[in-house]
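FYI, in my numbering the residues of the sequence shown are 714 to 1688. This report concerns only the one structure given below.
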Amino acid sequence: MRKSLFRRALVPAVAATLLLAPSPALAAPPPPFRDPSLPLAARIDDLLSRLTADEKISLLHQYEPAIPRLGIGVFKTGTEALHGVAWSTDYDDKGAVVKADGTVFPQAIGLASTWDPQLVKQVGAAVGQEARGFNVRNPTLWGLNLWAPVVNLLRDPRWGRNEEGYSEDPYLTGKFAVAYGHGIQGDDPRYLQAAPTLKHFLAYNNEVNRDTSNSSVPPKILHDYDEQAFKIPLQAGAANAVMPSYNLVNGRPNHVSPELDGALRKWAPGDIAVVSDAGAPSNLVNSEKYYATKAEGDAAAIKAGLDSFTDNDTDGSITVAAVKEALAKGFLTMADVENADRHLLSLRFRLGEFDPPGRNPYAKITPAVIGSPEHRALARTTADEQMVLLRNNGGALPLNAARNKKIAVVGPLSNTLYEDWYSGAMQYKVTPVQGIAERLGTAGTVASSEGVDRIALKDLSTGRYLTAPAVTGKITAGGTVAGTAESFDVYDWGAGKNTLRAAANGKFLSYSGGALVNDVDQPAGWFVQQQLKLDAQPDGSYVLEYAGNEVTEPWFGPNKFAVVGADGVLTISSPDAAHATRFGRDVLTSGVGSAVAAAKDADTAVVVVGSMPFINGREANDRTSTELAPAQRALIEAVQKANPHTVVVVENSYPTTGWDTLSVPGILWTSHAGQETGHAVADVLFGDRDPSGRLTQTWYAADAGLPDIHDYDIAKTGMTYQYYRGKPLFPFGYGLSYTSFRYDGVRAVRAGDKVRVSVDVTNTGARAGTDVVQLYSKNSGVQRLRDFSKVTLAPNQTRTLRFEVPVADLASWDVSRDRSVVAAGVYEFSVGRNAGELSAPQPVFVPGEQPLPRDLSRPTQAQNFDDYSGTTLTDTAKVSGTSVAAVAGSWVAYRNAALTGPARFSASVSAPAASHVTVRLDSPTGRVLGTAPVPATGDHYAYTTVTAALAKVSGRHDVYLTFDGPANLATFSLR
């Protein structure tokens, strides 16, 4: 109070003094780059003109350093925000990972399973708001360039990062990328709330050797499938940056792909930045060996369109030195550097960094928005809507709370929620046990059991038990009696992977400095150092094997097995089981027995099973199987035998097999849905919310029919609902409701440049419910999702839904024309509840381009084949071009060629050894028209022209080129 009075008294005196003082010179006006009334390009030009060459180069690293003389602070690309602000890396602490503590929404696969883009836009808006809140807390740590969403298509359920994507379908993926991206950006026409980044361009669905593996993608699949997931959100202006992926596509690393400038920036209506994945620029020289020096590799990446180098953690000096060397040697010009800077500065300007206070509406956001009540409510709604009811035999669900007062909730995921690599730290967790108990209230009771064995491990050579301290510490062999300190809960995640939780302090065992310590609340970390194997030996004993992800790294060393030392400390110090300590496995409490005891007297048993996101596949680790863990299957079977009124909740992030051989009447799927998972499980189980989620992937019946995970030609392998012809376990788009629906009066007609489709949807059940009405087209045997509508109807209510499909959207890639065309013909439109349950097709004739015979007299790109066997695609040159890479016995085919007596075959080829290419008619073993000898050219990129005289032939034929040895074919002609 006294300070306030003193200030008030002081004001008049100070004002009088100022009036008497001589007037100072007027303050200098701000430089043009800080003038928001000027065009963006002019402001960027002005700022660039004020930067030195060194400063311009410094902006190319992820951590763009401060430029104090211009009042410019540090800017960092990349805050992870896949389903909530997740984590960032600390510039002031050598790049240490710092987890966010904001709202954790369902995983991306869960967001898409809502089939509700407007809801997901709200989620994106909440994430953008919280990003602003974190940025206010620490602008250096929490940058506003968010690395999300992931739009890689989920073509193979074994991909370790399946949870990060939205769908196997490019249209659906694009719709959700648009929704999430627009939500993050905000609705202001000038300023960005935050800047979303699409990950990871392109054709990236495997973790094994991901930095050196080549995705061979034929042009039709490339343009109609993989690229569409990026093209849709970019054309909608829903992304401000793109991150290339680690892998190669058609022989060329994505970080030097000509498509960065040649396609991505053409699709986007505004400027976009291209940011590298972590360490990828160095991979060009190290693992990929695509360039000999970092100067060459970094220069090539910049010329291809890369702007920001996420390389060498916080140390930008290595990138700066490489760019300077590239400039000195003429690999780059300063104009190339400035071009990259423009893209990065454009993003910073739109975030409002250089504008005066009060102009940017998003600058008003404070940290109070982080984890706000509104965002918590949104997290619950989203978790509700992503639940998918897979089975409901005999009306097992919903549960009637009045008749189900005693509920058993059992299983390894019943009373815990797991975070994943790209989630933040949950502010609170509502587990299924807690959510169901809260729903029942005092009128009911919940019995719970995790259904895991509690064991003690006895060193058979000494008779002493492994012992864990009551606080974090090393595991030793000291106990003579199996008490609490000697007790460990065993979680069996399948594929031989286990985690052990010490009863002494409730912490999981981790590998640390060669020993095992009880130190973490749940498995986590890059190497997931909580993974162990309990290997049964022929004599009935067990050995403990460390199975953290780093054991496959060359630097890890040979020791993987546990040994109790003379000091009693358990260490990972043996290279094999023969020299490891042998343990007896004493089961103190049977997990199955405990679950059965809880379930047998309950009105209903709920078994919660699923995956551990750090163990059952994740970044750097693909799944070898999609089977439900055998221990979880055994638990379900035992509980159901004890109580026929058993339903299962599956909490995971990928299609899982084996459900066709389990007879439980009710199965509900959820992703790892974040902090509100337990509430959402209860909401749907008790029918407070209708299960309105739908699958965004095909759930295949078994792993046995899946192709090599590295085979990206989904047409050839028959993957995704577009090409799969088998009977899936659950089809794409599948999901049940607690009510029933009928579709009537499907009508389809072309009206100008649109196809209009309508359908009458009626709720034929006794309760309100929500359905996702899906529209598909089929042409040339390929089925595609074209639109969908999520509709809620009261009992007996009918609503007419209308869809419009632009004719232009029916275009597909024509390899003979080397471009996308709308082919003239009949397109069949069907409406249904999923891709396997559709109405009778409604044919619509669409005018367009007629098929043309191939003219092989002109130079033809070899990659534009109609069919192939044994070939892959490779780079013609480091900068651009795609060739067919052939081996002995392989072939490529070009259908419906109009031949008018060509006399000579000519081809551009390279080859490591001498071989031949033969021209044949109508089959790989058909009539030979001619054979061209291919000499060894030495270098992969050393192409030469080979020729052969051809036997005379005319008419329409399929032309086959067959190979008897390795060769790369770029172009050819028959003339």
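Even for Gly, the Cβ is constructed at its ideal location relative to N, Cα and C.
Check: Let me make sure I understand the geometry here. Which of Arg1497, Glu1340, Ala1624 and Pro1615 has the alpha-carbon closest to that of Ala1649?; Outcome: Ala1624
Check: Which residues mark the beginning and the end of the beta strand (DSSP E) in which Gly1323 is found?; Outcome: Thr1317 to Gly1323
Check: Identify which residue in Leu1045, Pro994 and Leu911 has its Cα closest to the Cα of Ser1021.; Outcome: Pro994
Check: For Val834 versus Gly896, is the C-beta distance shorter than 9 Å?; Outcome: The identity of residue 834 in the sequence shown is Lys, whereas the question assumes Val. Yes; because the gap between Cβ atoms is below 9 Å, this pair is in contact.
Check: Tell me the rounded alpha-carbon separation between Tyr917 and Asp1426.; Outcome: 12 Å
Check: Taking all protein chains shown into account, do 16 or more other C-beta atoms lie within 10 angstroms of the C-beta of Ala726, making it buried, or fewer, making it exposed?; Outcome: Reliability fails at Ala726, whose pLDDT of 38 lies under 50, so the model's placement of it is uncertain and the value that follows must be treated cautiously. Per the 10 Å Cβ criterion, exposed.
Check: Which complete beta strand (DSSP E) runs does the segment 1162-1216 hold, if anything under 3 residues is left out?; Outcome: 1166-1172, 1177-1180, 1189-1192, 1201-1205 and 1211-1215
Check: Count the other CB atoms within 10 Å of the CB of Thr1339; is the residue buried (16 or more) or exposed (fewer)?; Outcome: buried
Check: Strictly by DSSP, which residues pair up with Ala986?; Outcome: Ala954
Check: Based on Cα-Cα distance, which residue from Ala1275, Ala755 and Asp869 lies nearest to Tyr1224?; Outcome: Ala1275
Check: Where do the N-terminal and C-terminal ends of the beta strand (DSSP E) with Glu1541 fall, by residue?; Outcome: Gly1538 to Asn1547
Check: Going by other Cβ atoms of all chains shown within 10 Å of its Cβ, with 16 needed for buried, is Gln842 buried or exposed?; Outcome: buried
Check: Taking Thr1337 as the reference, give the member of Val1277, Asp1401, Gly1207 and Thr1129 with the closest Cα.; Outcome: Gly1207
Check: What three-state label does DSSP hand Val1264 in the structure shown?; Outcome: helix
Check: Do you know how far the Cα of Val811 is from the Cα of Trp855?; Outcome: 9 Å
Check: For Leu1488 versus Arg1499, is the C-beta spacing smaller than 9 Å?; Outcome: yes
Check: Who are the Cβ neighbours of Gly1702 in its own chain at under 6 Å, not counting the five residues just before and after it?; Outcome: The structure shown does not extend to residue 1702, since the chain spans only 714 to 1688, so no value can be given for it.
Check: Relative to the C-alpha of Lys1491, which candidate in Lys1503, Leu1419, Lys1007 and Val1557 has its C-alpha closest?; Outcome: Val1557
Check: Which partner residues does Asn1231 have in the DSSP bridge list?; Outcome: Leu1222
Check: With distance defined between alpha-carbon atoms, name the residue in Asn963, Ala740, Tyr1259 and Asp1028 nearest to Gly809.; Outcome: Gly is not the amino acid found at residue 809; the sequence shown has Ala there. Minimum Cα distance to Ala809 is reached at Asp1028.
Check: Taking its Cβ as the centre, do 16 or more other Cβ atoms sit within 10 Å of Asp1652, making it buried, or is it exposed?; Outcome: exposed
Check: Which word fits Arg1617, buried or exposed, when buried means at least 16 other C-beta atoms lie within 10 angstroms of its C-beta?; Outcome: exposed
Check: Using DSSP with H/G/I as helix, E/B as strand and the rest coil, what is Tyr804?; Outcome: helix
Check: Residue range of the alpha helix (DSSP H) that Asp1054 falls in?; Outcome: Met1047 to Arg1063
Check: Work out the CA separation of Gly1446 and Val1352 for me, nearest whole Å.; Outcome: 30 Å
Check: With respect to the alpha helix (DSSP H) encompassing Ala1598, which residues constitute its N-terminal and C-terminal limits?; Outcome: Element bounds for Ala1598: not the alpha helix (DSSP H) but the beta strand (DSSP E), Thr1595 to Ala1599.
Check: Where Ala754 and Trp872 are concerned, what is the direct C-alpha to C-alpha distance, given to the nearest angstrom?; Outcome: 42 Å
Check: Got a sec, what are the start and stop residues for the alpha helix (DSSP H) Gly896 sits in?; Outcome: Pro883 to Gln898
Check: Hey, out of Ala1216, Thr1175, Glu1132 and Gly1124, whose CA is closest to Arg1167's CA?; Outcome: Ala1216
Check: Can you check whether the CB of Pro870 is closer than 9 Å to the CB of Tyr893?; Outcome: no
Check: For the beta strand (DSSP E) holding Asn1609, just list the boundary residues, first then last.; Outcome: Trp1604 to Thr1613
Check: DSSP beta-bridge partners for His1670?; Outcome: Ala1610
Check: Suppose the cutoff is 7 Å on Cβ atoms and the five residues either side in sequence are ignored; what does the same chain contact list for Ser1453 look like?; Outcome: Thr1477 and Gly1478
Check: Count the other CB atoms within 10 Å of the CB of Val1363; is the residue buried (16 or more) or exposed (fewer)?; Outcome: buried
Check: Pick helix, strand or coil for Arg1633, following the three-state DSSP scheme.; Outcome: strand
Check: Do you know how far the Cα of Tyr776 is from the Cα of Glu1199?; Outcome: 48 Å
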